[in-house]
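Worksheet: the structure to be examined is printed underneath.
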Amino acid sequence: MSQIEPRSRRRLLRLPARYAAIAAGGGATLALLVGLAGQQALDRWPGSPWAWAPLVAGAGTFALLAGGRALERERAGAQAAARPRLAWLAAALGLAMLSFPGFSGNLFRPLPTLAWLAALGLCYGAFWRRGGGEEASFVQGREGAARRGGEGTLPLLDRQGLHLSWHALALVGVLVVAAFLRLYQLDAIPREMGTDMPHNYQNALQIMRGNWMIFCPSYPGRESLFFYLLAGYSKVFGLSFFSIKFTSAMVGLATVAALYGVARYLFDREVALVAAALLAVSKWHVILSRTGYRASLMPLAVLAVLYLLVRALRSGRSSDWVLAGMAVGLGMYTYNAFMIVPGAVAVGLAAELALEGGGALRRRAWGLAGLAMGALLVFLPLGRYALEQPQSYLFRVATRVTSIERPLPADLAGVLVGNLWRAAGMFNLRGDEVALSNVPYQRELGAVSGVLFVAGLAYALGRWRRGHYALTLVFLGCLILPTALSVTFPREVPNAVRASGAIAPVYLLAALPLVLLRRSLASLARRVTDLCLGQGQSRLWAGVQAGLGAGAPAVALAVALLGAELLETHHAYFEEYVAHLPGRNYAISLEIARVLDDFAPEGQAFVKIWPYWFDGNALRAQLKVMSTSWDWEVPELDPAKPPLSTARGKLLFIVHPDDRATLEMLKAEFPGGVAINHRDYNGQVAFVTFYGER
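At position 172 of the sequence shown the residue is numbered 171 (numbering that gives the first Met the number 0), and the sequence of numbers has no breaks.
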């Protein structure tokens, strides 16, 4: 059970301990209820600034009442990082310099890649030392958490057999729910590849064919790590739209497990379980995991950096700093929004070192050097590409923050302030408008997680000097910048995909109030039981009250809140999300591909081009029989010109329903022809197939 700090007891109107606990538990519950009412008011009156008042007041009151309860692991004493083996470090730098020219032409070549990997190994070895302070500090943290009620003592497996605690079973349940939400009907939702997935398909196909790209230059440029994962999976199970979505879904499931590990390291296993449960049922993360975007790696990469940074700060080991740097470098291969993370690391570490006090920079100097060295060495191949092709590497980012695609707004400061406000409001007020990334304009967080996030944010701000809240808060602030900085396209703000790195700190913070509430209610029940005993209640009745109060009702409330979040996500994704997809999730490219494949053995087929109709690359990626060349896609059909003038036998023409001129011409050219309308799930004609014969 978390301990109430003495100062917080005095704050509660100097009440006796039992009454103070009752006031704190009851007040915290009431504050969250007010916050939930505020979220409902915000949903109903999104344009009213007064609608924010109950949400902010409830969250702030909760933070004041619960701020005396410590959830974080105590900060370890700052330890000096050891000096590296300079000879090994020099060898690592030498190999890196030798490998650098070999990455020209955007390729991982065998010998340069081996030299680069050897340089990474030598760099880690140069900073590695046997032993260190991490084990001691972590054990102390576990002991402290056990005193707070957060850790168990039984091993999972010993000579007596397998021990599965209720906590372990709950974690398995969380992962099962997470897997269900990310895998159920994955083949059918979403069904249409759209414009991005064909590029993902081609990038993975190129890698499978031996083109070991460092960066994928197809418009508008893509980092390659996700496509290597996809290519590895597809080598075994085949490349398809489903394999793209399955790869991102597995990344999403791994992120739920990773959040559990990071939250347990920063806090305790109860916070970890709640954080994982909230992420498992997160609509925002479910959509991100199922769409096949490489950005699905972003939250996982952020969690890796956050974990390794905290590990390095706690242990003081130089090798841990190197690993943290390598995680930063590897993250640069995930998604372009990760470019903000090195800045977040710099600001976050500045805050952490300031909290450590005088001499911190000197003590940490070699560790910081290892951090920079690890990051730069891992980034080396991508850095070579960025030097060779800066216009390709930076193109997508530059189109949003510079004038290369659209002039900068005249009121740049005003646009930026507006962007920041909309980015901050995406959690509780108005989310992404793009139907593939969100239910258009729906807040990114659920009603429950939205309130918990605001309360957790207030709680962390109140305790920012303790634990590693400062680092977490800095990461949160920095990771919404990739969407907020889109000053040339302000309508794109907020963007759920560009802000996806914020998922990690958001759900870390959202877990805290639910754990605090559960523990406050358990404490409240014990105090009430003490009062009942003092007033002559039977010990049997008091025992029943104690058993129920300390466990079942408090846990039941937490489960009910998580259940409400699950129901909201299930409805939002499997009903509302599907309803807002084009044609209610109609896959026009897939349906046209099926028609072409079915007709391919019988004769020639042609598709008449029409603006903004379907993506030709998506169509080709889903063909199984028909040729994937461009020959059958024609800009016009003229009876006096090929291909129409020379075509013989059975013929198929696929035409846009609004292309009346072409349809009338085909009817005149083939009097016995048959036109069939193909409708989407809204009943609208998506395309017309015309069958004729000469």
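Ideal placement from N, C-alpha and C gives every residue a C-beta, glycine not left out.
This structure is a prediction, so every number in the text was calculated from the model and none was measured.
Where DSSP assigns a beta bridge to residue i, which residues make up the other side?
i: Gln603; result: Leu650
i: Ala478; result: In the sequence on display, residue 478 carries Leu and not Ala. Answer by DSSP bridge pairing: none, since Leu478 is not bridged.
i: Met212; result: Leu106
i: Val633; result: Lys607
Along the chain, where does the beta strand (DSSP E) that runs through residue i open and close?
i: Arg751; result: No answer is possible for residue 751: the residues shown for the chain start at 0 and end at 693.
i: Arg678; result: Val673 to Arg678
I'd like to check one pair, residue j with residue i: are the Cβ atoms closer than 8 Å?
i: Leu302; j: Ala503; result: yes
i: Ala274; j: Ala510; result: yes
i: Ala91; j: Ala114; result: no
i: Leu272; j: His166; result: yes
i: Ser281; j: Tyr506; result: yes
i: Val309; j: Leu70; result: no
i: Arg289; j: Ile403; result: no
i: Ala300; j: Thr333; result: yes
i: Ala203; j: Leu238; result: yes
i: Ser314; j: Trp127; result: no
i: Val695; j: Ala279; result: For residue 695 there is no data in the structure shown, the boundaries of the chain being 0 and 693.
i: Asn105; j: Tyr306; result: no
i: Phe61; j: Pro512; result: yes
i: Val453; j: Ala571; result: no
i: Pro656; j: Val687; result: yes
i: Ile754; j: Lys623; result: No statement about residue 754 is possible, as the shown extent of the chain runs from 0 to 693 and does not include it.
i: Trp365; j: Ala80; result: yes
i: Leu185; j: Phe241; result: yes
i: Leu561; j: Gly602; result: no
i: Leu119; j: Leu376; result: yes
i: Val473; j: Gly347; result: yes
i: Val250; j: Leu296; result: yes
i: Gly25; j: Leu523; result: yes
The alpha helix (DSSP H) that contains residue i, what's its start and end?
i: Asn335; result: Neither: Asn335 is in no alpha helix (DSSP H) and is coded neither H nor E.
i: Ala685; result: Run containing Ala685: none in the alpha helix (DSSP H); it sits in the beta strand (DSSP E), Val684 to Glu692.
i: Gly220; result: It is not in any alpha helix (DSSP H) - Gly220 carries neither H nor E in the DSSP assignment.
i: Arg619; result: Gly615 to Ala620
i: Arg593; result: Ile587 to Phe598
i: Pro641; result: No alpha helix (DSSP H) holds Pro641; DSSP gives it neither H nor E.
i: Glu567; result: Ala551 to His570
i: Trp365; result: Ala364 to Glu387
i: Gly358; result: Run containing Gly358: none; DSSP gives neither H nor E here.
i: Asn708; result: Missing from the structure shown is residue 708; the chain here goes from 0 to 693 and no further.
i: Pro83; result: Looking at the DSSP string, Pro83 is not in any alpha helix (DSSP H), and its letter there is neither H nor E.
i: Glu663; result: Arg659 to Glu668
i: Ala485; result: The residue asked about is misnamed: residue 485 is Ser in this sequence, not Ala. Careful: Ser485 lies outside any alpha helix (DSSP H) and carries neither H nor E.
i: Trp420; result: Leu411 to Gly424
i: Arg728; result: Residue 728 is absent from the model: the chain starts at 0 and stops at 693.
Quick one: measure Cβ to Cβ for residue i and residue j, integer angstroms, because I've assumed they're closer than 8 Å.
i: Gly220; j: Phe226; result: No, Gly220 and Phe226 are not in contact; Cβ-Cβ is about 12 Å, not under 8 Å.
i: Val447; j: Glu574; result: 19 Å between Cβ atoms; not a contact.
i: Leu379; j: Trp320; result: The Cβ separation is near 18 Å, so there is no contact.
i: Ala343; j: Ala422; result: Wrong, their Cβ atoms sit about 15 Å apart, outside the cutoff.
i: Gly57; j: Ala30; result: 5 Å
i: Ala714; j: Met196; result: In the structure displayed, the chain extends from 0 to 693; residue 714 sits before or after that span and is not available.
i: Ala50; j: Ala36; result: The Cβ separation is near 10 Å, so there is no contact.
i: Thr194; j: Asp614; result: 5 Å
i: Ala498; j: Ile479; result: 5 Å
i: Arg583; j: Tyr440; result: In fact, because the Cβ distance is near 18 Å, the residues do not count as touching under 8 Å.
i: Glu708; j: Pro581; result: Given that the chain is displayed from residue 0 to residue 693, the structure contains no residue 708 and the question cannot be resolved.
i: Tyr200; j: Ile243; result: 7 Å
i: Leu287; j: Met331; result: Not really, about 19 Å apart at Cβ, beyond 8 Å.
i: Phe689; j: Ala674; result: 5 Å
Does any heavy atom of the ligand PLP sit closer than 7 Å to the C-beta of residue i?
i: Arg268; result: Because no ligand of any kind appears in the structure shown, any question about the ligand PLP cannot be addressed here.
Mind listing, in chain order, the continuous alpha helix (DSSP H) runs of no fewer than 4 residues lying wholly within the region 161 to 204? DSSP runs (the alpha helix (DSSP H)) wholly in the region 161 to 204: 165 to 182.
Alpha helix (DSSP H) runs wholly inside the region 235 to 300, at least 4 long, in chain order: The region 235 to 300 contains, as complete alpha helix (DSSP H) runs of 4+ residues, the segments 240 to 265, 268 to 279 and 282 to 289 (chain order).
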